[in-house]
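Written below as structure tokens is the structure these notes are about.
Number of protein chains: 2
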Amino acid sequence: MAVMVQKFGGTSVGSVERIQNVANRVIQTVEEGHSVVVVVSAMGKTTDTLVRLAGEISQKPSQREMDMLLSTGEQVTIALLSMALQEKGYEAVSLTGWQAGIETEKVFGNARIRNIHTDRICRLLEEGKIVIVAGFQGVVSGADEITTLGRGGSDTTAVALAAALKAEKCDIFTDVTGVFTTDPRVIDGARKLESISYDEMLEMANLGAGVLHPRAVEFAKNYGVKLEVRSSLSMESGTIVEEECTVENQLVVRGLAFEGNVTKVTVEGLQNELTTLSHLFTMLAENGINVDIIIQNVNENESMNISFSIDSNVLDDTISVLETNRHRLGYESIVHEDQLAKVSIVGSGMISNPGVAAKMFKSLADQGIMIKMVSTSEIKVSTIVDQEFMIKAIETLHDVFELDAREPVAYK
Amino acid sequence: MAVMVQKFGGTSVGSVERIQNVANRVIQTVEEGHSVVVVVSAMGKTTDTLVRLAGEISQKPSQREMDMLLSTGEQVTIALLSMALQEKGYEAVSLTGWQAGIETEKVFGNARIRNIHTDRICRLLEEGKIVIVAGFQGVVSGADEITTLGRGGSDTTAVALAAALKAEKCDIFTDVTGVFTTDPRVIDGARKLESISYDEMLEMANLGAGVLHPRAVEFAKNYGVKLEVRSSLSMESGTIVEEECTVENQLVVRGLAFEGNVTKVTVEGLQNELTTLSHLFTMLAENGINVDIIIQNVNENESMNISFSIDSNVLDDTISVLETNRHRLGYESIVHEDQLAKVSIVGSGMISNPGVAAKMFKSLADQGIMIKMVSTSEIKVSTIVDQEFMIKAIETLHDVFELDAREPVAYK
Numbered sequence: 013m014a015v016m017v018q019k020f021g022g023t024s025v026g027s028v029e030r031i032q033n034v035a036n037r038v039i040q041t042v043e044e045g046h047s048v049v050v051v052v053s054a055m056g057k058t059t060d061t062l063v064r065l066a067g068e069i070s071q072k073p074s075q076r077e078m079d080m081l082l083s084t085g086e087q088v089t090i091a092l093l094s095m096a097l098q099e100k101g102y103e104a105v106s107l108t109g110w111q112a113g114i115e116t117e118k119v120f121g122n123a124r125i126r127n128i129h130t131d132r133i134c135r136l137l138e139e140g141k142i143v144i145v146a147g148f149q150g151v152v153s154g155a156d157e158i159t160t161l162g163r164g165g166s167d168t169t170a171v172a173l174a175a176a177l178k179a180e181k182c183d184i185f186t187d188v189t190g191v192f193t194t195d196p197r198v199i200d201g202a203r204k205l206e207s208i209s210y211d212e213m214l215e216m217a218n219l220g221a222g223v224l225h226p227r228a229v230e231f232a233k234n235y236g237v238k239l240e241v242r243s244s245l246s247m248e249s250g251t252i253v254e255e256e257c258t259v260e261n262q263l264v265v266r267g268l269a270f271e272g273n274v275t276k277v278t279v280e281g282l283q284n285e286l287t288t289l290s291h292l293f294t295m296l297a298e299n300g301i302n303v304d305i306i307i308q309n310v311n312e313n314e315s316m317n318i319s320f321s322i323d324s325n326v327l328d329d330t331i332s333v334l335e336t337n338r339h340r341l342g343y344e345s346i347v348h349e350d351q352l353a354k355v356s357i358v359g360s361g362m363i364s365n366p367g368v369a370a371k372m373f374k375s376l377a378d379q380g381i382m383i384k385m386v387s388t389s390e391i392k393v394s395t396i397v398d399q400e401f402m403i404k405a406i407e408t409l410h411d412v413f414e415l416d417a418r419e420p421v422a423y424k
Numbered sequence: 013m014a015v016m017v018q019k020f021g022g023t024s025v026g027s028v029e030r031i032q033n034v035a036n037r038v039i040q041t042v043e044e045g046h047s048v049v050v051v052v053s054a055m056g057k058t059t060d061t062l063v064r065l066a067g068e069i070s071q072k073p074s075q076r077e078m079d080m081l082l083s084t085g086e087q088v089t090i091a092l093l094s095m096a097l098q099e100k101g102y103e104a105v106s107l108t109g110w111q112a113g114i115e116t117e118k119v120f121g122n123a124r125i126r127n128i129h130t131d132r133i134c135r136l137l138e139e140g141k142i143v144i145v146a147g148f149q150g151v152v153s154g155a156d157e158i159t160t161l162g163r164g165g166s167d168t169t170a171v172a173l174a175a176a177l178k179a180e181k182c183d184i185f186t187d188v189t190g191v192f193t194t195d196p197r198v199i200d201g202a203r204k205l206e207s208i209s210y211d212e213m214l215e216m217a218n219l220g221a222g223v224l225h226p227r228a229v230e231f232a233k234n235y236g237v238k239l240e241v242r243s244s245l246s247m248e249s250g251t252i253v254e255e256e257c258t259v260e261n262q263l264v265v266r267g268l269a270f271e272g273n274v275t276k277v278t279v280e281g282l283q284n285e286l287t288t289l290s291h292l293f294t295m296l297a298e299n300g301i302n303v304d305i306i307i308q309n310v311n312e313n314e315s316m317n318i319s320f321s322i323d324s325n326v327l328d329d330t331i332s333v334l335e336t337n338r339h340r341l342g343y344e345s346i347v348h349e350d351q352l353a354k355v356s357i358v359g360s361g362m363i364s365n366p367g368v369a370a371k372m373f374k375s376l377a378d379q380g381i382m383i384k385m386v387s388t389s390e391i392k393v394s395t396i397v398d399q400e401f402m403i404k405a406i407e408t409l410h411d412v413f414e415l416d417a418r419e420p421v422a423y424k
């Protein structure tokens, strides 16, 4: 039994017409001889509407009741999609999270899947039925409590089901045609990738390429689930995410990610002590401030400067936290620089190509683009540059690392 | 532990503001020292919206998927009401039908409750929590299938829970202040009843007094659950429904029901055979035609006339069915009379008061109102009269049987 898991997000099921379109896509896969399990999100803006309703009642509604409320969204979609398939003459059965045996830990609003009891799904598949599962939700076994999985939850449901059912592939249908070398809405030459590795996808996802949630990618990596990111509105093949990139593996850099609205903050004249770093960043974390790149610099007089990048929107909060704790931290001054951007190159080939970072720095220097901060991992190099040079930097790197498409590729 | 079950219908929870109002009503009962279980319906027009959505996908959607779809309506309400109670500082927990242990037979769309496992509700009540249960829905035990109870389902859920929990009382909150002697929107002198027996309520409900579903009344009667029908928008006490009407039991007639748009059909010259009646009415039933009052009349020549009353809207269908089967039924002619109305008196005191029907007939005759058909039960007499005399008949009977209020009573 060759099982395929297909996940359709909120936009793909946003109207009756789109649900019927999804039904047609599923039927096509069935007709190709697959057993199909479909995972769906809530229709379009349903979740937002429910969140707004709750907000009218309580500023801080209990997370348990939020899960009770929000889990209705996917339940509506599974019923409607099942009806659409039945109307077209196919046997379909919808299952909520608890009916599908998706067990989670007892954490409301952001639960992790612990286990999937696949008996019922397997039985239904053996009976030749199309099984439609509500994404984003599960049940705490023993306690019979409804939980939701948090952001990107439906992707995670699909990947977890694919792992549990040992599915051939897990299709993630979205409103774009795949994973691109960089954002095609900004860079004309952006090219759709035929395939990408889990780690690369993970870096791209964490760097803001929003087609797949990092948690789902991590899950897929851990269980070796082969993913395909593709469009629900077009028939073309998408981007395969898997361990070994057999195609295109000669490319060192696979993609570029970028984001603006970055501010660099430097705390000058800190005491160079063992706990200085942990004090500073624990304090920021406790105040909900997310820090990205960190650079530590020891001065000649043994004092220390620490620079870090943040989203410009949290600059005021950051400075307020630092000033409130000035005595405890014992620094001399704070300076900041805004209107910055982060530009990153991603690719697992970098590990074995030591010159990649150097090539990146040189290309930017050749264009007169000053690098303000650098952060590297095994498969990624991120740089902070002036925001006015962001697009120019991406265009340059896209060109230098030969990511350009030979011909235009459809994005939507 | 004095448990109270309180049920609020769709209108009572139709907006955030109304849900907050319901929360206040519940809190009041809690503050009076009761353990409270609340049963709610879907908000306002939610169910209609979902039914319309399904209709856009399928002319005849599967009943299983309809139950999957519709059961989300109550789930939204329980979550919001729970949040509203928590916001006001009370501990509340919402439960879907399956979480509340409401087991039904495996009949989608119109399931009957088989059993309620009250363990979880009892535990929550013992912990001092307010328990909020989704009305209208249950689960097929073993199969883990979601079912709905059909029309009036939330009333039935409330009554069944009250029976299972041996509750002191089951309050049915609605948009009117109680059960009236007759429709107060039509008859000025209509009076709210302090109490009414199950059987009387059953007849009133079957005769179209829409405040309580007959199925819920029947359930209450079978399990001796004391009901109170009252308004969610006013603090006044409502109407008690119970076995023994201690108050007002001197009254022979308790209420009047009426409906217009009735047509009387007479099939003339039928053969007077053993199976004639069953043939005729089986045929009508198989074609979905609901017949109310039936009168059989044997003529001097041994042939037979049969008259029955129907809703005027199904007259064309009725005549078509009869004409199609003319040969099989072997009648001479069909005549019909429309623009009729049904006027009924209800009261369990009738059984021991043989003159009640006679008094009704005489009162109507005194007003020059001709009775076209009569049907009686132990606690009810129904008559068919010209629709133009319907209101006059009700006013007369309301007066003759001394049902008038001494002073005006609020309806809403």
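As they're listed, the protein sequences go chains F and C.
Using our numbering, the first residue of the first sequence is number 13, and each one after it goes up by one.
Using our numbering, the first residue of the second sequence is number 13, and each one after it goes up by one.
All C-beta atoms, glycine included, are put in the ideal place defined by N, C-alpha and C.
Determine the DSSP secondary structure at residue i, reduced to helix, strand or coil.
| i | result |
| --- | --- |
| Val-303(C) | coil |
| His-348(C) | strand |
| Phe-148(C) | coil |
| Val-223(F) | coil |
| Thr-23(F) | coil |
| Ala-369(F) | helix |
| Arg-132(C) | helix |
| Arg-64(F) | helix |
| Gly-414(C) | The displayed chain sequence assigns Glu, not Gly, to residue 414(C). Glu-414(C) falls in the coil class under three-state DSSP. |
| Lys-233(F) | helix |
| Glu-103(C) | coil |
| Gly-85(F) | helix |
| Ala-202(C) | coil |
| Leu-173(F) | helix |
| Thr-159(C) | strand |
| Met-247(C) | coil |
Check whether chain F comes within 8 Å of residue i, counting only Cβ atoms and requiring the distance to be less than that.
| i | result |
| --- | --- |
| Ser-106(C) | yes |
| Asp-131(C) | no |
| Gln-98(C) | yes |
| Val-28(C) | yes |
| Val-347(C) | no |
| Leu-81(C) | yes |
| Ala-497(C) | Any question about residue 497(C) goes unanswered here, given that chain C covers just 13 to 424. |
| Ile-31(C) | yes |
| Glu-115(C) | no |
| Gln-87(C) | yes |
| Leu-296(C) | no |
| Met-372(C) | no |
Can you check DSSP and say which residues form a bridge with residue i?
| i | result |
| --- | --- |
| Met-78(C) | Its beta-bridge partners do not exist; DSSP assigns none. |
| Asn-36(C) | Partner(s): none; Asn-36(C) has no beta bridge. |
| Met-295(C) | Paired residues: none, contrary to the question. |
| Gly-342(F) | DSSP output for Gly-342(F) lists no bridge partner at all. |
So, at 8 Å on beta carbons, what are the nonlocal neighbours of residue i in its own chain, with the 5 sequence-adjacent residues on each side left out?
| i | result |
| --- | --- |
| Gln-379(C) | Phe-401, Lys-404, Ala-405, Thr-408 |
| Glu-29(C) | none |
| Ala-91(F) | Ser-106 |
Within a Cβ cutoff of 6 Å, which residues of the same chain sit near residue i, ignoring the five residues on either side of it in sequence?
| i | result |
| --- | --- |
| Met-213(C) | Val-229, Val-253 |
| Thr-41(F) | Met-16, Val-48 |
| Glu-390(C) | Ile-363 |
| Val-171(F) | Cys-182, Ala-228, Phe-231, Ala-232, Val-237 |
Please decide whether residue i counts as near chain C, where near means a Cβ-Cβ distance under 8 Å.
| i | result |
| --- | --- |
| Thr-58(F) | no |
| Leu-65(F) | yes |
| Pro-73(F) | yes |
| Ile-39(F) | no |
Taking Cβ positions only, does residue i come closer than 8 Å to chain A?
| i | result |
| --- | --- |
| Leu-173(C) | In the structure shown, chain A does not exist; the protein chains are F and C. |
Quick one: residues in its chain with C-beta nearer than 7 Å to the C-beta of residue i, no 5 flanking neighbours on either side, listed in chain order?
| i | result |
| --- | --- |
| Glu-314(C) | Asn-284 |
Ordered list of beta strand (DSSP E) runs contained in the stretch 352–409 of chain C, each at least 3 residues: 385–389, 392–398
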